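In my numbering, the protein residues as written are 168 to 393.
Ideal Cβ positions, reconstructed from N, Cα and C, are used throughout, including at glycine.
Quick caveat: nothing in here was measured; it's all calculated off a predicted structure.
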Amino acid sequence: MTKILLVEDDDRISDPLVRVLDAEGFEVTHVAKGRDALDAVAADRPDLVLLDLTLPDLDGLDVCRRIRADHPEMPVVMLTARSEEVDVIVGLDAGADDYIAKPFRLAELVARIRARLRAATAVAATPAVIEAAGIRLDRDARRVHVGEDEIELTTKEFDLLALLMSRPGVTFAREQIMREVWDEHWWGSTRTLDTHVSTLRRKLGDGSDPASIIVTLRGVGFRFEG
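Right under this line is the structure:
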């Protein structure tokens, strides 16, 4: 049975969530504090964490960073009353895979949970270490080396590179990348993708164009040339 850890200190939210998730066939563990969440993750590794951003002891962002450091592939979905774009970006950069703002529809939350679990299963089926074009990407350690040198990537830069390197030579549509790396229910501009690709090329030392490691297909998307 799929195990979900719910970290939420508001009983008005946690109680109906536990009932719905239980009815959907998930095994749910509920805690109200960040420290209890870290203990639960260490003691009984869940398949997914639903994490409130505002907790009574630790900040949800700090809890997310600690989970991500110890369990890089564990899906984390943030529950937040903060709907401002800057808070969403900070949450995603802290390592969250997705977020949903309160108040939310339970059906939508369940759909997002299932989507993240499917994505985690697909990731688990790919090699932990991918090597191509002089680049070595270790998904478990979340480390990237170019030659002998390790480069520092943000969470989204790493996820973007991991997606592209998972299928060298295959073109990923812009919308597909936005959904898989940023948000399952993404809509709107893809300009942030261009910015991340540009930064990623610079960090990889890939400044040549058009013979670049990450190739742009105008109006379509990007592919990694391994």
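Checklist line | F325 (DSSP reduced to helix, strand or coil) | finding: For the purposes of this step, residue 325 is taken as residue 158 along the sequence shown, with counting starting at 1. Residue state, collapsed to three classes: helix.
Notebook entry, point to check: Skipping 5 residues on each side, what residues in its chain have a beta carbon closer than 6 Å to that of M168?
Noted result: Counting from 1 along the sequence shown, the entry for residue 168 is found at position 1. Within the same chain, M168 has close Cβ partners E194.
Notebook entry, point to check: Is it true that the stretch 198 to 209 meets the stretch 222 to 239, where meeting means three or more beta-carbon pairs spaced less than 8 Å apart?
Noted result: yes
Note to self: Am I right that L173 and T196 are in contact with their C-beta atoms under 8 Å? What's the rounded C-beta distance?
What the structure shows: Taking the first residue of the sequence shown as 1, we reach residue 173 at position 6. Taking the first residue of the sequence shown as 1, we reach residue 196 at position 29. 7 Å between Cβ atoms; contact.
Next item on the list: For V387, count neighbouring C-beta atoms within 10 Å of its own C-beta (all shown protein chains included) and say buried if the count is 16 or more, exposed if not.
Entry: For the purposes of this step, residue 387 is taken as residue 220 along the sequence shown, with counting starting at 1. It counts as exposed.
Notebook entry, point to check: Using the beta-carbon count (16 or more within 10 Å), is L273 buried or exposed?
Noted result: For the purposes of this step, residue 273 is taken as residue 106 along the sequence shown, with counting starting at 1. Per the 10 Å Cβ criterion, exposed.
Margin query: Quick check on the DSSP output: the beta strand (DSSP E) that includes E194 runs from which residue to which?
Written below: Against the sequence shown, residue 194 aligns to sequence position 27. Per DSSP, E194 belongs to the beta strand (DSSP E) from E194 to V198.
Next item on the list: Give a yes or no on whether the C-beta atoms belonging to V185 and V277 are separated by under 8 Å.
Entry: Your numbering for residue 185 matches position 18 in the sequence shown. Your numbering for residue 277 matches position 110 in the sequence shown. No, Cβ-Cβ distance for V185 and V277 is not below 8 Å.
Check: Counting along the chain, where does the alpha helix (DSSP H) carrying H363 start and finish?
Finding: For the purposes of this step, residue 363 is taken as the residue at position 196 of the sequence shown. R358 to L371 is the span of the alpha helix (DSSP H), which, as asked, contains H363.
Item checked: Simplified DSSP state of R303, which is helix, strand or coil -> Residue mapping note: residue 303 aligns to position 136 of the sequence shown, counting from 1. Three-state DSSP puts R303 in a strand.
Notebook entry, point to check: Given that a residue counts as buried once 16 or more other Cβ atoms are within 10 Å of its Cβ, and exposed if not, what is G334?
Noted result: As a working note, residue 334 is residue 167 in the sequence shown. The sequence as given places Arg at residue 334; Gly does not occur at that position. R334 is exposed by the Cβ-count criterion.
Checklist line | Alpha carbon of S365 to alpha carbon of D229, nearest angstrom | finding: On the sequence shown, residue 365 is found 198 positions in, with the first residue counted as 1. On the sequence shown, residue 229 is found 62 positions in, with the first residue counted as 1. Taking the straight line from one Cα to the other gives about 28 Å.
Margin query: Quick check on the burial criterion: 16 or more other C-beta atoms within 10 angstroms. Buried or exposed for P242?
Written below: Counted from its first residue, the sequence shown places residue 242 at position 75. Per the 10 Å Cβ criterion, buried.
Notebook entry, point to check: Which runs of the alpha helix (DSSP H) spanning at least 4 residues fall entirely within the stretch 208 to 245, listed in chain order?
Noted result: 227 to 237
Checklist line | Reference V337; option with closest CA among L384, R368, D265 and L304 | finding: Stepping through the sequence shown from its first residue, residue 337 is reached at position 170. Of L384, R368, D265 and L304, the residue nearest in Cα terms is L384.
Check: Is L327 near I302, with beta carbons less than 8 Å apart?
Finding: Residue 327 sits at position 160 when you count from the first residue of the sequence shown. Residue 302 sits at position 135 when you count from the first residue of the sequence shown. Not a contact, by the Cβ cut-off of 8 Å.
Note to self: Using C-beta distances below 6 Å, list every residue in its chain close to A248, excluding the 5 sequence neighbours before and after it, in chain order.
What the structure shows: Within the sequence shown, residue 248 is the residue found at index 81, counting from 1. Within the same chain, A248 has close Cβ partners K269.
Next item on the list: Have a look at the DSSP bridge pairing and note the partners of V387.
Entry: For this step, residue 387 is matched to residue 220 along the sequence shown. Answer is none; V387 lacks a bridge partner.
Next item on the list: Measure the CB-CB distance between I267 and R285 and report whether it falls below 8 Å.
Entry: In the sequence shown, counting from the first residue as 1, residue 267 sits at position 100. In the sequence shown, counting from the first residue as 1, residue 285 sits at position 118. No, they are not a contact pair.
Next item on the list: Would you please state the rounded distance, in angstroms, between the beta carbons of R306 and A329? I believe it to be under 8 Å.
Entry: As a working mapping, residue 306 is identified with position 139 in the sequence shown. As a working mapping, residue 329 is identified with position 162 in the sequence shown. Between A329 and R306 the Cβ distance is about 6 Å, and since that is below 8 Å, they are a contact.
Check: For I171, which residues from the same chain have a beta carbon less than 8 Å from its beta carbon, with the 5 sequence-adjacent residues on both sides left out?
Finding: For the purposes of this step, residue 171 is identified with residue 4 of the sequence shown, where counting begins at 1. Only L188, F193, E194, V195, T196, P213, D214, L215, V216, L217 and I280 meet the Cβ criterion.
Next item on the list: Would you identify the three-state DSSP class for P377, choosing helix, strand or coil?
Entry: Counted from its first residue, the sequence shown places residue 377 at position 210. With a pLDDT of 39 at P377, under the threshold of 50, the predicted position of this residue should be treated as unreliable, and no value is reported.
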